[in-house]
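Take a look at the structure below.
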Amino acid sequence: MSDTYRNFTYPGLELHTAEVRELAGTKPPHRPEPIVKANDIAYILFNKTDLALQKRFLVDFGLQVVEETIEALYLRGTGPLPYCYVAHKHTETNGFIGAGYSVASEEELKKVSAITGRPIGPVDGPGRGHRVRLHDPDGFIVDIVWGRELAAVQPLKTDLAVNTPRHKARVNAGIRTATAPSPVERLGHYVLSVTSFDESLQWYMRHIGVIPTDVQCLADGTPALAFNRLDTGTIPADHHTVVLLQNVAANYMHSAYETADMDSIGQGQQHLKLKGWNHFWGIGRHILGSQVFDYWLDPTGDELEHYADGDVFDADFETRYFPLDMGSLWAWGDDLPKAMRPAFSVKQAWAAIKALKSGKVDRKTLGMLKQAMGLPARPWF
Ligand SMILES: [Fe+2]
Numbered sequence: 267m268s269d270t271y272r273n274f275t276y277p278g279l280e281l282h283t284a285e286v287r288e289l290a291g292t293k294p295p296h297r298p299e300p301i302v303k304a305n306d307i308a309y310i311l312f313n314k315t316d317l318a319l320q321k322r323f324l325v326d327f328g329l330q331v332v333e334e335t336i337e338a339l340y341l342r343g344t345g346p347l348p349y350c351y352v353a354h355k356h357t358e359t360n361g362f363i364g365a366g367y368s369v370a371s372e373e374e375l376k377k378v379s380a381i382t383g384r385p386i387g388p389v390d391g392p393g394r395g396h397r398v399r400l401h402d403p404d405g406f407i408v409d410i411v412w413g414r415e416l417a418a419v420q421p422l423k424t425d426l427a428v429n430t431p432r433h434k435a436r437v438n439a440g441i442r443t444a445t446a447p448s449p450v451e452r453l454g455h456y457v458l459s460v461t462s463f464d465e466s467l468q469w470y471m472r473h474i475g476v477i478p479t480d481v482q483c484l485a486d487g488t489p490a491l492a493f494n495r496l497d498t499g500t501i502p503a504d505h506h507t508v509v510l511l512q513n514v515a516a517n518y519m520h521s522a523y524e525t526a527d528m529d530s531i532g533q534g535q536q537h538l539k540l541k542g543w544n545h546f547w548g549i550g551r552h553i554l555g556s557q558v559f560d561y562w563l564d565p566t567g568d569e570l571e572h573y574a575d576g577d578v579f580d581a582d583f584e585t586r587y588f589p590l591d592m593g594s595l596w597a598w599g600d601d602l603p604k605a606m607r608p609a610f611s612v613k614q615a616w617a618a619i620k621a622l623k624s625g626k627v628d629r630k631t632l633g634m635l636k637q638a639m640g641l642p643a644r645p646w647f
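Quick note: to get the numbering used here, add 266 to the position in the sequence shown (first position is 1).
Structure below.
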C-alpha cells in the first residue's frame with residue numbers, strides 16, 4: 267500500500283483526538299466465508315410513479331433507453347451490460363428497491379440457490395438471464411444474476427489528452443466539450459444507510475463476497491461505515507460498489523454512474539442545468555475512492571452521481587480504517603450542501619426512538635454517531 271493512500275488530510279481532520287484516530291481499526295469486522303464472489307454490479311432497481319418524467323431526466327443524465335413498457339423502463343450506458351437501471355411503474359411510491367450483482371458461472375448461481383433455499387428464476391427485460399432473488403437485512407432486493415446476453419459496446423470518448431506544465435500532449439488542437447448529456451458508461455456503486463451496520467456488512471460479505479476497502483469508525487473504534495469493493499482477484503475492482511452506513515433507518519442515499527473524464531462531468535452539469543434539473547452537490551473530488559463527482563436529484567428527489575477517475579484495488583489490498591466524519595467526504599470542491607449536513611428534526615428523533623426500541627442499535631452507538639456526524643466538515647461551516 268502506498269503512503270499516499272494511507273496519509274491524507276483535509277480541513278477539519280484535526281477535530282479528532284489522537285486517541286480516536288488510534289482506536290480506528292482496533293475492532294475489525296469478522297470476515298465470513300463468502301457463498302459466491304460477485305464479479306460486477308448488474309443493475310439498480312427503483313419504483314417510480316411517473317415513468318415518462320423519469321425517462322426525461324435519465325436521458326438528460328446520460329443513460330439510454332433500451333426497452334420501455336407500461337410496466338418498466340430499462341436503460342443502459344455505453345458499456346456492455348444490456349441495462350443497468352430499471353424504473354418499475356408503481357402507483358403510489360417512489361424510491362430504491364434493490365440491486366443485482368452478476369456471478370461468473372451457472373454453478374455459482376445454483377450454489378446461491380441451494381444454500382439460501384431461494385429459487386432460480388428469469389431476469390426481466392433485455393438480455394434475459396437467470397437470477398436468485400435475495401433480500402438483505404433491511405429488506406432491499408439483492409439479485410444474484412448469471413447468463414445475461416451482453417450488448418454491443420459503444421465507442422468511448424477519445425479526446426483524453428491533457429496538457430500539463432511540463433508535458434504538452436495536445437498540440438494544434440483544442441478541448442471542445444459537446445453540448446449533450448454526459449456519456450455515461452456504467453452503473454458504478456450505490457450507498458445505503460442501514461439499521462444494523464455489522465449485520466448488513468456480514469450479510470454482503472457472506473452473500474456476494476465484498477471486501478471492505480475503507481472502514482470509518484466511531485470514537486471508540488466501532489466500525490460504522492464501510493466502502494466495499496467486489497472481490498475480482500487480481501483484476502482491479504472499483505474502490506466501492508456498495509457502501510453501508512449505520513443510521514437510525516434504512517435508506518437509499520445515492521447511486522453513481524461512471525463517465526469518461528472530468529470534462530464529461532462538467533459537460534453533464536451544463537446539460538442538466540440547461541434542461542432545468544435540480545443540482546445537489548459538486549463538482550468536487552472525493553477522498554476515499556478519489557472520484558471527481560457531481561450529484562443531481564431526479565424528479566422524485568433521489569440522488570444520482572456522475573463520477574470519473576475513481577480508484578481501483580485488487581483483492582490483496584488490505585482494509586484501511588479511519589475515524590468517521592463528514593469532512594472526509596471530499597478533498598476539494600463545492601461545500602457540502604446544507605441538506606447533507608446534520609440537523610435535528612422530529613422525523614429523525616422518531617426514527618432514533620424506533621431504532622432503539624428495535625434493539626438493533628444501542629444508545630451509546632447512536633450518541634457516537636451523532637457526535638461524529640456533528641463535527642464541522644469544514645472550519646467555515
Ligand atoms: Fe458515490
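Ideal placement from N, C-alpha and C gives every residue a C-beta, glycine not left out.
As the structure is a computational prediction, the values presented were derived from the model and not from experiment.
Does the beta-carbon of residue i have 16 or more other beta-carbons within 10 angstroms, so that it is buried, or is it exposed?
i    : result
G454 : buried
G550 : buried
E299 : exposed
F647 : exposed
M267 : Unreliable positioning characterises M267 in this predicted model, as indicated by a pLDDT of 47, which lies under 50. A coordinate reading is not provided.
E372 : exposed
H282 : buried
R629 : exposed
W616 : exposed
Q420 : exposed
I501 : exposed
G633 : exposed
A439 : exposed
P589 : buried
L635 : buried
E571 : buried
V369 : buried
I336 : exposed
K314 : buried
For a quick check, are the C-beta atoms of residue i and residue j less than 7 angstroms apart?
i    : j    : result
Q330 : A353 : no
W547 : P603 : yes
D560 : Q535 : yes
E451 : G345 : yes
N494 : V508 : yes
P581 : G475 : With the sequence shown as reference, residue 581 is identified as Ala, and Pro is not the correct amino acid for it. Cβ distance not < 7 angstroms, so A581 and G475 don't count as in contact.
T488 : D404 : no
V332 : R342 : yes
T585 : P431 : no
G366 : V398 : no
Y587 : A290 : yes
L538 : S459 : no
List the endpoints of the continuous beta strand (DSSP E) containing residue i.
i    : result
H537 : Segment 528 to 540 is the alpha helix (DSSP H) holding H537; no beta strand (DSSP E) there.
I477 : 477 to 483
K636 : It is not in any beta strand (DSSP E) - K636 instead sits in the alpha helix (DSSP H) that spans 629 to 640.
L563 : 558 to 563
V286 : Looking at the DSSP string, V286 is not in any beta strand (DSSP E); the run it does join, the alpha helix (DSSP H), is 284 to 289.
P489 : 489 to 495
Y573 : 569 to 574
H506 : Note, H506: premise wrong, no beta strand (DSSP E); not H, not E.
G387 : 386 to 388
P589 : 586 to 589
Tell me the DSSP bridge mates of residue i?
i    : result
S459 : L511, N517
D306 : S368
Q330 : R342
I410 : Y367, V398
N544 : L563
P294 : According to DSSP, which records beta bridges pairwise, P294 is partnered with nothing at all.
A522 : H455, E571
H354 : N313, A338
W598 : R551
Go to residue i, then tell me how far its alpha helix (DSSP H) extends in each direction, as first and last residue.
i    : result
G326 : Checking the sequence shown, residue 326 turns out to be Asp, not Gly. 317 to 327 is the extent of the alpha helix (DSSP H) around D326.
K613 : 612 to 624
Within the structure, which residues are defined as neighbours of ligand 1 by a Cβ-heavy atom distance below 5 angstroms, reported in chain order? In chain order, the qualifying residues are A522, E571.
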